[in-house]
Amino acid sequence: MAEEIIRVEHLKKYFDVRSNSLLKKEKKIVKAVDDINFTINKGQILGIVGESGCGKSTLGRCILRLMPISGGKIYFKGTDISTLNDKQLKPYREKMQMVFQNPYSSFNPTMTVRQSFFEIGKVFGIGNEETEKRCKELMENVRLPEDLINRHPNELSGGQLQRLAIARALLLKPDFIMADEAVSALDVSVQAQILNLLLDLRESLGLTMMFISHELTVVEHVCDEIVVMYLGTVVEKAPTKELFSNILHPYTQALISAKPKEHPAQETHRIMLEGEAKSAMDMGEGCKFAPRCRFCQKGLCDAKTPKLREIRPGHFVACHRVESEEK
Ligand SMILES: Nc1ncnc2c1ncn2[C@@H]1O[C@H](COP(=O)(O)OP(=O)(O)OP(=O)(O)O)[C@@H](O)[C@H]1O
Ligand SMILES: [Mg+2]
133 MAEEIIRVEH LKKYFDVRSN SLLKKEKKIV KAVDDINFTI NKGQILGIVG ESGCGKSTLG
193 RCILRLMPIS GGKIYFKGTD ISTLNDKQLK PYREKMQMVF QNPYSSFNPT MTVRQSFFEI
253 GKVFGIGNEE TEKRCKELME NVRLPEDLIN RHPNELSGGQ LQRLAIARAL LLKPDFIMAD
313 EAVSALDVSV QAQILNLLLD LRESLGLTMM FISHELTVVE HVCDEIVVMY LGTVVEKAPT
373 KELFSNILHP YTQALISAKP KEHPAQETHR IMLEGEAKSA MDMGEGCKFA PRCRFCQKGL
433 CDAKTPKLRE IRPGHFVACH RVESEEK
């Protein structure tokens with residue numbers, strides 16, 4: 133049976149924001165993450181994809197409990213960690229690690245990478261001897277010459293430093309890694325190397341990951357399952373192969389056809405996404421994508437929020453049109 137590592141149930145994160153118009157001060161709510169559900173099993177890589185501002189990073193940070201949540205539950209290996217305080221979270225922090233977009237800002241520039249690794253070792257009570265042993269193994273794992281660990285971040289290339297960021301994330305032997313736009317700042321060729329490295333590590337170490345990216349082609353390359361987000365909600369979710377052979381949601385279709393690169397799943401006509409996504413400000417009832425959707429049915433899509441439903445085995449979609457076609 134598959135071993136469950138992460139499960140989120142009805143997860144919500146709302147932000148209170150104040151809009152300061154000249155006439156009145158209004159308090160508004162941004163629903164950055166709004167009722168999200170999924171499970172990540174051991175050895176699985178789940179992709180989260182969507183435009184800027186759709187809530188990907190907020191979702192990631194909530195799962196790692198880097199911020200308080202507004203509702204719902206987060207389970208780590210079956211334990212509810214949704215409301216634990218900092219002290220109670222310490223043993224879990226060790227087991228859930230993060231790789232960020234920009235490795236230069238995620239390392240302390242005044243320390244060598246080795247010093248950074250030893251500092252983490254110290255905080256989490258791993259002896260110097262054990263840290264030394266792990267550093268050696270990790271440099272092999274991320275396929276870098278051992279001596280590079282003695283350099284400062286500014287003496288390393290972006291690709292080298294991102295490999296070291298992955299090594300650092302692995303230092304405490306975590307059960308779960310969250311990678312937020314981990315290859316977005318790198319050249320395309322280096323991106324491919326890092327993605328292949330993550331796939332190799334999944335094989336050799338049984339890594340379980342959540343991989344956040346705004347690029348569908350990147351998540352397609354590494355993920356077993358993909359969640360497509362739009363303004364805080366999930367609009368489509370499916371195993372990667374199934375998704376790319378049957379893209380059902382108009383938003384996912386637009387995302388893929390907006391790519392200049394040819395893709396087998398791409399329709400002949402490019403669908404342009406008009407305008408920018410609104411902010412996830414509370415918009416009331418109706419499909420959040422309706423104002424930009426070429427299939428929007430007035431009176432239905434803009435009035436009734438579509439539910440996420442399983443349309444094909446393992447393939448979930450929240451769209452009135454898809455639902456009516458499948459009936
Ligand atoms: N601390 C905060 N206070 C108020 N609003 C916030 C805060 N953090 C995020 N938001 C809002 O929540 C929404 C989601 O932001 P988030 O950073 O999660 O998006 P994202 O999908 O990661 O975008 P990107 O691709 O640009 O990284 C946005 O509308 C953002 O403005
Ligand atoms: Mg983000």
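Residue numbering for the sequence shown follows the working numbering, beginning at 133 and increasing consecutively. Note that beta-carbon positions come from the ideal geometry of N, C-alpha and C, so glycine has one too.
Please confirm whether residue i and residue j have their CB atoms less than 7 angstroms apart.
i	j	result
Phe-249	Pro-285	no
His-247	Ala-301	In the sequence on display, residue 247 carries Gln and not His. Cβ distance not < 7 angstroms, so Gln-247 and Ala-301 don't count as in contact.
Lys-174	Ile-180	no
Gln-294	Ile-252	no
His-101	Gly-210	Because the chain is modelled from 133 through 459, residue 101 falls outside the range shown and cannot be assessed.
Gly-416	Asp-434	no
His-447	Glu-374	yes
Ser-202	Lys-144	yes
Met-271	Glu-278	yes
Lys-160	Met-413	yes
Leu-216	Met-342	no
Tyr-362	Lys-420	yes
Taking the alpha-carbon of residue i as reference, which of the options has the nearest alpha-carbon?
i	options	result
Tyr-146	Glu-374, Asp-167 and Arg-139	Asp-167
Val-165	Lys-436, Thr-365 and Cys-428	Thr-365
Val-149	Ser-321, Leu-143, Lys-163 and Asp-319	Lys-163
Cys-355	Gly-253, Asp-332, Tyr-362 and Val-367	Asp-332
Pro-241	Val-255, Ile-201, Pro-277 and Leu-288	Leu-288
Thr-340	Ile-309, Met-361, Pro-382 and Ser-316	Ile-309
Ile-388	Leu-296, Gly-257, Leu-348 and Ile-258	Leu-348
Lys-268	Asn-282, Arg-197, Gly-257 and Gln-176	Asn-282
Ile-195	Ile-137, Val-350, Lys-160 and Phe-421	Ile-137
His-346	Lys-369, Ala-324 and Val-315	Val-315
Leu-198	Lys-420, Arg-225, Lys-436 and Gly-259	Arg-225
Asn-169	Val-322, Arg-424, Ala-370 and Phe-427	Ala-370
Lys-222	Gly-257, Pro-235 and Ser-237	Gly-257
Ser-237	Ala-297, Leu-216 and Val-322	Ala-297
In its own chain, which residues sit with a C-beta less than 7 angstroms from the C-beta of residue i, not counting the 5 before and 5 after it?
i	result
Arg-139	Thr-171 and Tyr-207
Glu-352	Thr-372 and Phe-376
Arg-266	Leu-303
Glu-135	Asn-173 and Lys-174
Gln-220	none
Lys-157	Arg-150
Glu-458	Ile-443
Could you name the residues of the same chain whose beta carbon sits closer than 6 angstroms to that of residue i, not counting the 5 residues immediately before and after it, in chain order?
i	result
Lys-227	Pro-306 and Asp-307
Val-367	Val-360, His-381, Tyr-383 and Ala-450
Pro-200	none
Arg-275	none
Gln-323	Val-315
Counting only beta-carbon atoms, is residue i nearer than 7 angstroms to chain D?
i	result
Glu-226	Checking the listed chains, one finds no chain D in this structure; it contains a single protein chain.
Got a sec? Which residues, its chain only, sit under 8 angstroms from residue i by beta carbon, not counting five neighbours each side?
i	result
Glu-455	Pro-438, Arg-441, Ile-443 and Val-449
Asp-312	Lys-188, Ser-189, Gly-192, Met-230, Val-231, Phe-232, Gln-233 and Ile-344
Asp-319	Gly-290 and Gly-291
Asn-273	Ala-299, Leu-302, Leu-333, Ser-336 and Leu-337
Met-243	Glu-251 and His-284
Gln-429	His-452 and Arg-453
Leu-329	Val-274, Arg-275, Arg-295 and Ile-298
Per DSSP, which one or two residues make a beta bridge with residue i?
i	result
Asn-173	Glu-136
Arg-150	Lys-159
Ser-345	Val-181
Asp-312	Ile-344
Glu-442	Phe-448
Val-165	Lys-145
Met-271	None; Met-271 has no bridge partner.
Val-360	Val-181 and Glu-368
Ala-229	What sits at residue 229 in the sequence shown is Gln, not Ala. DSSP lists Ile-309 as partners of Gln-229.
Gly-203	Lys-144
**OP:** Name all residues in chain order for which at least one heavy atom of ligand 2 lies closer than 7 angstroms to the residue's CB.
**Re:** Lys-188, Ser-189, Asp-312, Glu-313 and Ile-344
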